[in-house]
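To start, the structure itself, in structure tokens.
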Amino acid sequence: MNPSFVCILCSHSSIFLLHSSNDFGSCTKSEIKTLFVSPYNKLCQELRKSSHNAVTLNMLLGIGIDDKHIKMKNFNIEPYDCIVFDEILLYNPYQLYLIKMFMKKNAEKRYLCTGDVDQRKPFTFGTNNIKDQNNYQLWCLNQMFPHQLTLSENK
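This is the structure:
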């Protein structure tokens with residue numbers, strides 16, 4: 003994928019990129035300051051090695067490691083124009099709700115998210131009354147990101 007793709011997308015307020023490729027791309031020569039939010043620390047470390055700013059969702063929201071809502075200091079997002087929630091389909095419905103509230107509270111920012119429906123499932127789904135978890139997650143994301151692109155690799 004063209005590395006400047008994210009830079010172009012950052013000009014919109016919120017977009018969900020549904021993809022089937024691990025190569026998402028990123029801003030390399032842009033004036034848009036981007037923060038990547040990852041579901042786990044290892045991905046953050048990989049993004050930082052590539053000179054990207056990255057934090058976990060818990061760090062962004064100021065939530066302790068055990069999800070007990072031990073309030074910590076929220077991450078300062080003021081310097082960033084665009085926030086990318088990478089691998090958003092790894093979050094459970096409650097975490098998606100927290101992201102939605104975060105986006106609402108910080109509506110002046112631009113938001114992107116990426117996800118692959120064929121990848122692994124959320125660590126804990128949290129509810130047992132949902133029969134089709136994939137469709138429910140996508141329904142949740144439709145509420146958060148009404149503008150969506152589905153990317154696929156041409157072979």
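Residue numbers (the numbering used here): 3 to 157. In this text, a Cβ means the ideal position worked out from N, Cα and C, and glycines have one as well.
Contact belief for L62 with F77 at Cβ below 8 Å, rounded distance in angstroms: With 8 Å as the limit, L62 and F77 qualify as a contact, their Cβ atoms being about 5 Å apart.
Relative to the C-alpha of A56, which candidate in K44, M105, E33 has its C-alpha closest? K44
For a minimum of 3 consecutive residues, which ranges assigned as the beta strand (DSSP E) are wholly contained in the segment 69-143? 84-87, 112-117
Report the rounded CA-to-CA distance for F38 versus K133, giving the unit in angstroms. 31 Å
Can you name the start and end residues of the alpha helix (DSSP H) that E48 belongs to? 43-51
Take Q121 as the anchor and find which of I34, L92, N108 has the nearest alpha-carbon. L92
Could you compute how far the alpha carbon of G66 sits from the alpha carbon of N60? 7 Å
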